[in-house]
Amino acid sequence: MPEINYEASLMTEILNFLNKGGPALWVIFLLSIILLANIFYKLSHLMKLGVWNSKRTRLILDAWKLNNIEYLRKVFLDARGIREALAKKTILSIIDEALPEDSAREECEGEAKDSLYQASKGLRTIELISHIAPLLGLLGTVLGMIEAFQRLQESGNQADPSILAGGIWEALLTTAAGMAVAIVATVSLSFFDNIIDRLRNDLEDLATQIFTRKPGGFGV
């Protein structure tokens, strides 16, 4: 029972806080939920793509240099991760003697672009939230200030400065909330952008090594 009462009390405080900020704060709260959902989605999605796992890629490059095609074909049957998918596509394109090297490079480039697109999914939503949240906060503050001054005017000669002060601090809640959400969105976006940039460099380096370390028998 105490736990239920505590949860009910906490929920009441949250609702009171959101109601004080008005509609703008409710929208910012909704954006924060969407933001957190996107962050967790990106982390799980990148892990599924094997962005942080490059160990088997080095083994593939070593086998490719030694012309161990049988080993490569076995590895490619269980290819996991974005780097292995690119290595598989590129090496199999080169092994196919009917495919010119220019065409093999085009196949590799297409696979790399598709991989980067898959890894970048969801980032634009985070970027949009980082721009919208502070603007919504400012809008909520402006609307709150207008309401506070209207109350002050309606009180006439018996105006109480505390009415204005109370209205102002409630209005500023939306600015603080909007900035907090924007900060989290900006930091997470920078984190994911750095990961994508490193992945792009890794894929370019991987493709270069595959084409420059071709074993004998796979010339131009």
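Residue 311, in the numbering used here, is where the sequence shown stops; the numbers in between run on with no holes.
No residue lacks a Cβ here, since even glycine has one placed at the ideal position from N, Cα and C.
- For residue 191, no alpha helix (DSSP H) encloses it, and the DSSP letter there is neither H nor E.
- With a 10 Å radius around the Cβ and a threshold of 16 neighbouring Cβ atoms, residue 115 comes out buried.
- When secondary structure is reduced to three states using DSSP, residue 110 falls in the helix class.
- For residue 304, the closest of 205, 206, 154, 137 by C-alpha to C-alpha distance is 154.
- Scanning 260, 183, 224, 200 for the CA closest to the CA of residue 159 turns up 183.
- Taken atom to atom, the span from the alpha-carbon of residue 131 to that of residue 243 is near 45 Å.
- Apart from sequence neighbours up to five positions away, the residues of its chain that approach residue 177 with a beta-carbon distance below 8 Å are 199, 202, 203, 206, 294, 297, 298, ordered along the chain.
- Here residue 163 is buried, its C-beta having at least 16 other C-beta atoms within 10 Å.
- The three-state reading of DSSP puts residue 207 in helix, counting H, G and I together.
- For residue 233, the enclosing alpha helix (DSSP H) starts and ends at 214 to 245.
- When the Cα atoms are used, residue 107 and residue 135 turn out to be separated by approximately 34 Å.
- In this structure, 269 is the residue among 229, 236, 241, 269 with its C-alpha nearest to the C-alpha of residue 220.
- Under the 8 Å Cβ criterion, the stretch 116 to 128 counts as touching the stretch 220 to 229, having at least three qualifying pairs.
- The C-alpha of residue 181 is placed about 11 Å away from the C-alpha of residue 190.
- For residue 157, no alpha helix (DSSP H) encloses it, and the DSSP letter there is neither H nor E.
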